[in-house]
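**Student:** Just so it is clear: in the sequence shown, position 411 is 411 by the UniProt record's numbering, and no numbers are missing. Beta carbons: idealized from backbone N, C-alpha and C, even for Gly. The following block contains the structure, expressed as structure tokens.
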Amino acid sequence: MFDFQSPIPTLSPGASSFPHHRATLRLSEKFILLLILSAFITLCFGAFFFLPDSSKHKRFDLGLEDVLIPHIESGKEGRHGGEQSLRDKIRADHERALQEAKQKLRKSKKALLHEIQTEKARVAQELKKKDVPRSLPPVPMPKLVGVNDGDPGEPDVKEKRDKIREMMKHAWDSYRQYGWGHNELKPIAKKGHSTNIFGNSQMGATIVDALDTLYIMGLHDEFKDGQEWIEQNLDFSVNAEVSVFEVNIRFIGGLLAAYYLSGQEVFKAKAVQLAEKLLPAFNTPTGIPWAMVNLKSGVGRNWGWASAGSSILAEFGTLHMEFVHLTYLTGNPAYYQKVMHIRKLLAKMDRPNGLYPNYLNPRTGRWGQHHTSVGGLGDSFYEYLLKAWLMSDRTDAEARKTYDDAIEAIERHLIRKSNGGLTFIGEWKNGHLERKMGHLTCFAGGMFALGADGSPGDKAGHYLQLGAEIAHTCHESYDRTVLKLGPEAFKFDSGLEAVAVRQNEKYYILRPEVIETYWYMWRFTHDPKYRQWGWEAAQAIDKYCRVGGGFSGVKDVYSSNPTYDDVQQSFFLAETLKYLYLLFSSDELLPLESWVFNTEAHPLPVLRRICGSSPANEQAVRL
Ligand code: DMJ
1 MFDFQSPIPT LSPGASSFPH HRATLRLSEK FILLLILSAF ITLCFGAFFF LPDSSKHKRF
61 DLGLEDVLIP HIESGKEGRH GGEQSLRDKI RADHERALQE AKQKLRKSKK ALLHEIQTEK
121 ARVAQELKKK DVPRSLPPVP MPKLVGVNDG DPGEPDVKEK RDKIREMMKH AWDSYRQYGW
181 GHNELKPIAK KGHSTNIFGN SQMGATIVDA LDTLYIMGLH DEFKDGQEWI EQNLDFSVNA
241 EVSVFEVNIR FIGGLLAAYY LSGQEVFKAK AVQLAEKLLP AFNTPTGIPW AMVNLKSGVG
301 RNWGWASAGS SILAEFGTLH MEFVHLTYLT GNPAYYQKVM HIRKLLAKMD RPNGLYPNYL
361 NPRTGRWGQH HTSVGGLGDS FYEYLLKAWL MSDRTDAEAR KTYDDAIEAI ERHLIRKSNG
421 GLTFIGEWKN GHLERKMGHL TCFAGGMFAL GADGSPGDKA GHYLQLGAEI AHTCHESYDR
481 TVLKLGPEAF KFDSGLEAVA VRQNEKYYIL RPEVIETYWY MWRFTHDPKY RQWGWEAAQA
541 IDKYCRVGGG FSGVKDVYSS NPTYDDVQQS FFLAETLKYL YLLFSSDELL PLESWVFNTE
601 AHPLPVLRRI CGSSPANEQA VRL
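As structure tokens, then:
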């Protein structure tokens, strides 16, 4: 008799043992149970074949028809013959499954347990395999122009460039000695350092960020050392919650640039592995990514301090360049689709005064606090609109138009001239203009100059001039300090001009933005003052930030006796020293017609169109 009170034995793959009272069903009862089950399954399969034909065709409505139908068509003698053989096959499969189940039940508890454990290990092994980089499809390497020595010719310029190279060597060697494998370096404590943007990881951020600078400077032994570390140690399967934006601009950008410059496949493979780990961040109701993602679990969230659980404009808006290159290199459209989705979503939204607020809620798709900035929280969103256009060989007209419209609104509402005649970019906060400019905002001088050519109407000259004015203002913010290094933020208020007021705005943390603008202005104008200003900054850094164990930020640029913050930021090697080196190199090194620098100064090649015999054949490379 079948005892309905007896608990039915469960074969859970995770169970480690079978409790004795559960194994109370006799073998014959189990057999009857299996027979009932199998009869039911057979009935279901049978019913399927008596459904009207149209219901079967529904299975191929997903565009998979072309792929699937040939397999089914092949080998059939006629429509009904095909159905008959399919039915026979199902029946045979079913018979086999029943036999296997019967045999399983004859086995001892120990044998069954062993089987379950072996199966578990096999599945775990399979999952592990998924983490191993898949081999990527071969892609034509874009034509790489200007990967050369960039010798400036004039001996005095060369001497300056050599000095910058020596500074890079000091920064790298110190990190190599005291912080190797850590994300950053504490140059005074002489040990590794990391911040919350990298979670609790040790992913060698400085190595990845510095690679292309080492390559450009011809520091090949150091580059090789870095490559070896990456090959042997860089692992993204870590339980660390990282910033999607920072990891994208420093790691993916750094790895992609190292790949393009050196041609070493390992960098491409690592960039793709990491990008796959970032993709879960886009699983939000709107597709606007979370600010942070756990690399192991894929769980995302936003910064606690961001307005009403918002994502940040400069973070989700600074993925485009790297993600387009990822699609280009892998043939996987997912990356491209993710960033284009962000663009489309933003295009549909109302913008107060034509300005983009810095905060957007990824659950509701609504703006958070109405705060607009060309500095922190907003900056590289605007930069990437322009660079998306440049990187597409000027074909992405939508990106260009979005950039032009945004800049027009910024000029109308945020850019002013101080009483002393300095042009500055303020911040829009809940309906009023804060007359304060951040060091970060100083990158905009270079951006305006870079976007001058191609701007609407007859405004190229205007934007080049605007770039020059911003460069001048930012230089003033350096020149009005004791150390000749720029503060984090400076005011244009109550008689103050380009100086910091609060103590917590007086620090300099080896940031690149002012030097970045000098370099762009130099490339477009060749006005010697930009090299002069760059050299002043380089000397000040060497004098006040250089310590025995590398370079450190300083806490007060207005004090002749500054204290150190004891951090050598990875962007000092990626950006500050690279822009300085380029400033004292010839324009033939990485020309701007062929390379676009990401926001962390990692150069990525322009993706040109392949021209076929007719316009119909003309298509953007792999996109
Ligand atoms: C860099 O990581 C990037 O330039 C980013 O866009 C903002 N600022 C830092 C350096 O200051």
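Thinking C-beta only, is Asn-361 closer than 9 Å to Asn-294?
**Tutor:** Result no, Cβ atoms of Asn-294 and Asn-361 do not sit closer than 9 Å.
**Student:** Given Lys-387, which residues of its chain have a CB within under 7 Å of its CB, disregarding the five upstream and five downstream residues?
**Tutor:** Here the set comprises Met-321 and Val-596.
**Student:** Between the alpha carbons of Asp-151 and Phe-490, how many angstroms are there, rounded?
**Tutor:** One C-alpha to the other measures close to 37 Å.
**Student:** Quick one: grab the DSSP three-state call for Gly-63.
**Tutor:** For Gly-63, the predicted model reports a pLDDT of 24, less than 50, meaning its position is unreliable and no value from the coordinates is stated.
**Student:** Excluding five sequence neighbours on each side, which residues of the same chain lie with their C-beta closer than 8 Å to the C-beta of Tyr-508?
**Tutor:** Cβ neighbours of Tyr-508 beyond the five flanking positions: His-439, Leu-483, Leu-485, Gly-486, Pro-487, Glu-488, Cys-545, Gly-553, Val-554 and Val-557.
**Student:** Quick one: complete beta strand (DSSP E) runs, 3+ long, within the segment 391–428?
**Tutor:** The segment 391–428 contains these whole beta strand (DSSP E) runs: 415–417 and 423–425.
**Student:** How big is the Cα-Cα spacing for Gly-420 and Phe-236?
**Tutor:** Near 51 Å, if we compare the C-alpha coordinates of Phe-236 and Gly-420.
**Student:** Quick one, which of Lys-436, His-462 and Trp-533 has its alpha-carbon nearest Glu-497's?
**Tutor:** That would be Lys-436, whose Cα lies nearest to the Cα of Glu-497.
**Student:** Could you name the residues of the same chain whose beta carbon sits closer than 6 Å to that of Ala-471, not counting the 5 residues immediately before and after it, in chain order?
**Tutor:** Only Gly-445, Thr-517 and Met-521 meet the Cβ criterion.
**Student:** For the ligand DMJ, any of its heavy atoms closer than 8 Å to the Cβ of Pro-487?
**Tutor:** No, the beta carbon of Pro-487 sits no closer than 8 Å to any heavy atom of the ligand DMJ.
**Student:** Do Leu-256 and Tyr-215 come within 9 Å of each other at the CB atom, strictly closer than that value?
**Tutor:** The answer is no: Cβ separation not under 9 Å.
**Student:** Hey, which unbroken runs of the alpha helix (DSSP H) at 4 residues or more fall wholly within the segment 484–566?
**Tutor:** Segments of the alpha helix (DSSP H) lying fully in the segment 484–566: 513–525 and 528–544.
**Student:** On the criterion of 16 or more Cβ atoms from any shown chain inside 10 Å, does Val-339 qualify as buried, or is it exposed?
**Tutor:** It counts as buried.
**Student:** With hydrogens ignored, establish whether the beta-carbon of Gln-568 is closer than 8 Å to any heavy atom of the ligand DMJ.
**Tutor:** No, Cβ of Gln-568 sits at least 8 Å from all heavy atoms of the ligand DMJ.
**Student:** Would you kindly work out how many angstroms separate the C-alpha atoms of Asp-453 and Tyr-403, rounded to a whole number?
**Tutor:** So the two alpha carbons sit approximately 13 Å from each other.
**Student:** Determine the direct distance from the alpha carbon of Glu-593 to that of Ser-586, and round the result to whole angstroms.
**Tutor:** Roughly 14 Å separates the two Cα atoms.
**Student:** Is it a yes or a no for the segment 202–212 touching the segment 175–186, going by three-plus beta-carbon pairs under 8 Å?
**Tutor:** Contact between the segment 202–212 and the segment 175–186 is present, because at least three Cβ pairs lie under 8 Å.
**Student:** Pull up the distance between the alpha-carbon of Arg-366 and that of Leu-113, whole angstroms please.
**Tutor:** Approximately 53 Å between the Cα atoms of the pair.
**Student:** Touching or not, the segment 320–336 and the segment 264–284, by the rule of three or more beta carbon pairs under 8 Å?
**Tutor:** Yes, since at least three Cβ pairs between the segment 320–336 and the segment 264–284 fall closer than 8 Å, the two stretches touch.
**Student:** Taking DSSP's pairing of strands, which residues face Ile-312 in a bridge?
**Tutor:** Tyr-359.
**Student:** Measure how close the beta-carbons of Leu-211 and Gly-146 come, nearest whole angstrom, since I'm counting them as under 8 Å.
**Tutor:** Between Gly-146 and Leu-211 the Cβ distance is about 18 Å, and since that is not below 8 Å, they are no contact.
**Student:** Say yes only if the C-beta of Ile-541 is nearer than 8 Å to one or more non-hydrogen atoms of the ligand DMJ, and no if none qualify.
**Tutor:** Checking the Cβ of Ile-541 against the ligand DMJ gives no.
**Student:** Spatial neighbours of Arg-523 within its chain, please: CB distance less than 7 Å, with the 5 preceding and 5 following residues excluded, ordered by chain position.
**Tutor:** Cβ neighbours of Arg-523 beyond the five flanking positions: Asp-587 and Leu-592.
**Student:** When you measure from the CB of Ser-174 to every non-hydrogen atom of the ligand DMJ, does any distance come out below 8 Å?
**Tutor:** Ser-174: no, Cβ never under 8 Å from the ligand DMJ.
**Student:** Are the segment 280–299 and the segment 240–249 touching, with three or more C-beta to C-beta distances below 8 Å?
**Tutor:** They touch, by the three-pair rule.
**Student:** Can you give me the C-alpha to C-alpha distance between Arg-400 and Gly-548, rounded to a whole angstrom?
**Tutor:** Distance between the alpha carbons of Arg-400 and Gly-548: 46 Å.
**Student:** Quick one: using the 10 Å Cβ neighbour count with 16 as the cut-off for buried, is Glu-228 buried or exposed?
**Tutor:** It is exposed - the Cβ of Glu-228 has fewer than 16 other Cβ atoms within 10 Å.
**Student:** In the structure shown, what three-state DSSP assignment does Ser-54 receive?
**Tutor:** Interpretation of Ser-54 is limited by its pLDDT of 32, a score under 50 that renders its predicted location unreliable; the figure taken from the coordinates is listed afterwards. In the structure shown, Ser-54 sits in a helix (DSSP, three-state: H, G or I).
**Student:** Count the other CB atoms within 10 Å of the CB of Ser-560; is the residue buried (16 or more) or exposed (fewer)?
**Tutor:** Per the 10 Å Cβ criterion, exposed.
**Student:** Pull up the distance between the alpha-carbon of Lys-109 and that of Thr-118, whole angstroms please.
**Tutor:** Lys-109 and Thr-118: Cα-Cα distance of roughly 14 Å.
**Student:** Pick out whichever of Lys-143, Arg-608 and Arg-161 has its Cα sitting closest to the Cα of Arg-394.
**Tutor:** Closest option to Arg-394, Cα to Cα, is Arg-608.
**Student:** Counting along the chain, where does the beta strand (DSSP E) carrying Pro-432 start and finish?
**Tutor:** Position check: residue 432 holds His in this sequence, whereas Pro was assumed. Residues 432–434.
**Student:** Looking at the structure shown, is Gln-337 part of a helix, part of a strand, or coil, going by DSSP?
**Tutor:** Looking at Gln-337 - three-state DSSP - the assignment turns out to be helix.
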